[in-house]
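Chains as they are written, first to last, in this note's numbering: chain A, -2 to 349; chain B, -2 to 349. Beneath this line is the structure, given in structure tokens, with notes to follow.
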């Protein structure tokens, strides 16, 4: 070991889901949308004058923020955009979780929260979900340095009502409560309207799931003007120009095409509901999902075995070898055709 | 003030150069390249299948890193890419500057270094450049927590020889020395070859200047494998998918078109040398520049006055109201035509 290594920040990084290069597989492992982005996205790319790329992008992403403000019925000054919701949440951890008290989140949740806490030296505690993977709101009514959880939760897909969430926000006026709504568009109700009543709330969403643009990296936060100003101050202290020019433009197109957005999210919801029936028939158990994935377990065969056998058949789903969830698989909702292939494979695997 | 504001990270953010929306101006204020990106960039955009955007990008940016490794004669494992060199340097500050001792950099330099030090709570000290804006290498031979400076320096354009830089790297084996080579392609010699001799060196470059892609946000670092691994660990603890799919593809095209790269950088160098003569004729003084800008002062008229009068004529240059440099203007090298318009305007302003 060299002396300079003494001053290196040592971390245990988040491991993203596999991104196989083989185009031949059915990819149900990272909650991507099976449908292409809105047509306007393609048009912007075709018509784009590459000469624009020689200039720096608009550091304030004004156009994209305006489109989002119009869509969500808030002011432009209430929106912050970043390179995927991971960038947004990471900045929000840096900006708002600066207390000596522990930040709290569920024991089973998006596995990046503890990674961010570690990298920014933020103390944290987890609160166990109940046996049905539900949040007990009383766990969040205690001294803490901030709160974050996804709604619907990942990787369970479980959605909590706005009533329950409002109780948590209301009981914690002295800290920031972040609700990570990556999957909200698949049947849940956003808590953006609660911003009118609470100034300690930050709502985070992404273009990666419901807007079919995981490859573009766009996430955003909605909050009161003061929160957004603090977020921007930190962002402009880290990297002034995070979102590139092209991404800003295609983001606008995606937000504007509301009918396409509704159409594709509804298609995914329909396929999900059909998948629930089929999975029940196959003997799977799962908490009810309001997201674009289902978190399943089977009484007769271990999740790790099913995972491997699906992989052999070129169907990728997600598996975590972690306490409480190591007998579950997270299956992303694909097209009806992809799901049919999955069901056939599962039938085959379970009949062995 | 609300109680939650007690735990907000308060910072004084970096202020980027103006990005006016008026297309009618001559923009010589943010060191952008006056020529468009390589032709392959346009081709990729035209042919891009937007359906790819529904999938997450390759988190390891393998193709782009391979293209850079080939171009710079190093292994892929020696390269780290990020969303502009600001993203790369910011990650490098987080990763390597974790000592209680002060990080050191010049008093006149890229004005983001102290902002990063502040946001990450890194102690720092500045070392004054001499009266000719040159680095005194002995200032950097002392106890410290790490070193960073650009070569050529910004906003002065002054280039330091590899001999001087090697002395600094050699004298500091226990800390990381970062050389920010944003402007190296305009006539300087990169210190990438020094990586064979020193494992405490990190070299940072960008696509924003010499590759005409400020709008795309691509920066990279070259270092030994261990440094790059540590950087990646921190990156994967902050945001797994930083560089989007399209950007990775257009980046490859830019790197591969070596003849276009040489052609445009040479054109800028020729225009710069012509500009030096013209500016001398107009009575300006300036340190010799090896970058795509010149840092000028005039004995008869204050920089702030010239700045305003140029702005009135829709010519934007950069001015900082800071000690030691508040009588200087940084003028980016544009096309020959843009520079001719600038010279005429300056002649006019100075004859008043």
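Positions of the beta carbon are idealized from the N, C-alpha and C atoms, including for glycine. Just so it is clear, the structure is predicted and the values come from calculations on it, not from any experiment.
Taking a contact to mean a Cβ-Cβ separation below 9 angstroms, would you say residue i touches residue j in this structure?
i                     : j                     : result
residue 83 (chain B)  : residue 236 (chain A) : yes
residue 165 (chain B) : residue 174 (chain B) : yes
residue 241 (chain A) : residue 214 (chain B) : yes
residue 65 (chain B)  : residue 200 (chain B) : no
residue 179 (chain B) : residue 147 (chain B) : yes
residue 273 (chain A) : residue 285 (chain A) : yes
residue 220 (chain B) : residue 75 (chain B)  : yes
residue 290 (chain A) : residue 327 (chain A) : yes
residue 22 (chain A)  : residue 334 (chain A) : no
residue 172 (chain B) : residue 227 (chain A) : no
residue 69 (chain A)  : residue 189 (chain A) : yes
residue 106 (chain A) : residue 151 (chain A) : yes
residue 45 (chain B)  : residue 243 (chain B) : yes
residue 316 (chain A) : residue 13 (chain B)  : no
residue 101 (chain B) : residue 149 (chain B) : no
residue 307 (chain B) : residue 339 (chain B) : yes
Below 6 angstroms CB to CB, which residues in the same chain sit around residue i once its five sequence neighbours on both sides are set aside?
i                     : result
residue 32 (chain B)  : 209 and 261
residue 85 (chain B)  : 79, 201, 216 and 218
residue 24 (chain B)  : 313
residue 58 (chain A)  : 78, 240 and 245
residue 136 (chain B) : 124
residue 153 (chain A) : 130, 284 and 292
Would you please state the rounded distance, in angstroms, between the beta carbons of residue i and residue j? I believe it to be under 8 angstroms.
i                     : j                     : result
residue 269 (chain A) : residue 196 (chain B) : Not confirmed; about 52 angstroms, so no contact.
residue 169 (chain B) : residue 144 (chain B) : 6 angstroms
residue 103 (chain B) : residue 138 (chain B) : So it is not a contact: roughly 15 angstroms between Cβ atoms.
residue 313 (chain B) : residue 26 (chain B)  : 4 angstroms
residue 184 (chain A) : residue 51 (chain B)  : Their Cβ separation, rounded to whole angstroms, is 20 angstroms, which puts residue 184 (chain A) and residue 51 (chain B) out of contact at 8 angstroms.
residue 232 (chain A) : residue 88 (chain A)  : 6 angstroms
residue 42 (chain A)  : residue 61 (chain B)  : No, residue 42 (chain A) and residue 61 (chain B) are not in contact; Cβ-Cβ is about 18 angstroms, not under 8 angstroms.
residue 257 (chain A) : residue 109 (chain A) : Wrong, their Cβ atoms sit about 29 angstroms apart, outside the cutoff.
Could you have a look at residue i and say whether DSSP puts it in helix, strand or coil?
i                     : result
residue 78 (chain B)  : strand
residue 245 (chain A) : helix
residue 175 (chain A) : strand
residue 277 (chain A) : helix
residue 284 (chain B) : coil
residue 251 (chain A) : helix
residue 121 (chain B) : strand
residue 385 (chain B) : Residue coverage of chain B in this structure runs from -2 to 349, which leaves residue 385 (chain B) outside it and unanswerable.
residue 52 (chain B)  : coil
residue 72 (chain A)  : coil
residue 37 (chain B)  : helix
residue 100 (chain A) : strand
residue 218 (chain B) : strand
residue 92 (chain B)  : helix
residue 190 (chain A) : helix
residue 18 (chain B)  : coil
residue 338 (chain B) : helix
residue 264 (chain A) : helix
By the criterion of Cβ-Cβ separation under 7 angstroms, what are the contact partners of residue i in chain A?
i                     : result
residue 173 (chain B) : 1
residue 39 (chain B)  : 47
residue 315 (chain B) : What residue 315 (chain B) touches in chain A: nothing, since even the nearest Cβ is about 13 angstroms away.
residue 16 (chain B)  : 53, 55 and 56
residue 196 (chain B) : -1
Closer than 8 angstroms by C-beta to residue i: which residues in its own chain qualify, once you throw out the five before and the five after it? Chain order, please.
i                     : result
residue 99 (chain A)  : 120, 121, 122, 141 and 142
residue 295 (chain A) : 279, 280, 281, 282, 303 and 347
residue 192 (chain A) : 71, 75, 198, 200, 219, 220 and 221
residue 8 (chain B)   : 112, 115 and 116
Since residue i meets chain A, which of its residues come closer than 8 angstroms, beta carbon to beta carbon?
i                     : result
residue 142 (chain B) : 4
residue 212 (chain B) : 49, 50, 51, 52, 53, 54, 241, 242 and 243
residue 75 (chain B)  : Those within 8 angstroms of residue 75 (chain B) in chain A number zero; the least Cβ separation is about 16 angstroms.
residue 163 (chain B) : By Cβ distance, chain A contributes nothing, its closest Cβ being about 17 angstroms from residue 163 (chain B), past 8 angstroms.
For a contact meaning CB atoms closer than 9 angstroms, what does residue i contact in chain A?
i                     : result
residue 152 (chain B) : Per Cβ cutoff of 9 angstroms: no residues; residue 152 (chain B) is ~16 angstroms from chain A at best.
residue 93 (chain B)  : 1, 4, 5 and 6
residue 27 (chain B)  : 52 and 53
Taking Cβ-Cβ distances shorter than 7 angstroms, what residues in chain B pair up with residue i?
i                    : result
residue 81 (chain A) : 236 and 238
Output needed for residue i: all residues of its chain with C-beta closer than 7 angstroms, excluding positions within five of it in sequence on either side, in chain order.
i                     : result
residue 163 (chain B) : 191
residue 325 (chain A) : 292, 293, 294 and 300
residue 111 (chain A) : 121
Taking C-beta pairs closer than 8 angstroms, name the residues in chain B that residue i reaches, listed in chain order.
i                     : result
residue 42 (chain A)  : 42, 43, 45, 47 and 243
residue 120 (chain A) : Those within 8 angstroms of residue 120 (chain A) in chain B number zero; the least Cβ separation is about 12 angstroms.
Identify the contact partners of residue i in chain B, using a Cβ-Cβ distance below 9 angstroms as the criterion.
i                     : result
residue 134 (chain A) : The premise fails here: residue 134 (chain A) is roughly 19 angstroms from chain B at the closest Cβ pair, so nothing lies under 9 angstroms.
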